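So the structure is just underneath, and the comments pick up after that.
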Amino acid sequence: MSAVSTVHVSPHASMADRMVVGALSASARLKNEANKLIIRYDGWFLVLLAVLLVLSFILFAAMVIWCFQNGRYQFTGNWDWGADHNHVFVECR
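For the sequence shown, position 68 matches number 67 in numbering that gives the first Met the number 0, and the numbering has no gaps at all.
Listed below in structure tokens is the structure:
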């Protein structure tokens, strides 16, 4: 349901009254469209976060499987990122 309510103008309203209501409606429509764009942007942001979360889980699961297949049952590691570098270190013990 839209956050903007519909304004009904009497057929006997003056031209000035119709212009005021039209201007208010245009402003309300503009705000409604801006809100739709914001919601659409937030939706893509959430999808991106969900994809990154799934990829990190897949990476974690792959590391666990790799260690179990090597006969070891522990792994350790660290990661570091900066403005010009990204490093991931994984060690199976």
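We put the beta carbon where it would ideally sit given N, CA and C, even for glycine. These figures come from a predicted structure and were not determined experimentally.
CA-to-CA distance, residue j to residue i, given in whole angstroms
{"i": "residue 68", "j": "residue 84", "result": "31 Å"}
{"i": "residue 55", "j": "residue 31", "result": "36 Å"}
{"i": "residue 76", "j": "residue 26", "result": "55 Å"}
{"i": "residue 35", "j": "residue 41", "result": "10 Å"}
{"i": "residue 80", "j": "residue 89", "result": "15 Å"}
{"i": "residue 59", "j": "residue 87", "result": "12 Å"}
{"i": "residue 51", "j": "residue 78", "result": "16 Å"}
Cβ neighbours of residue i in the same chain (closer than 6 Å, five flanking residues each side left out)
{"i": "residue 91", "result": "66, 69, 71 and 74"}
Proximal residues to residue i (C-beta, below 7 Å), its chain only, five neighbours per side dropped
{"i": "residue 62", "result": "74 and 89"}
Report the start-end ranges of each beta strand (DSSP E) in the stretch 18–86 that is 3 residues or longer and not cut off at the edges.
As far as the stretch 18–86 is concerned, its whole beta strand (DSSP E) runs of at least 3 residues are 74–80.
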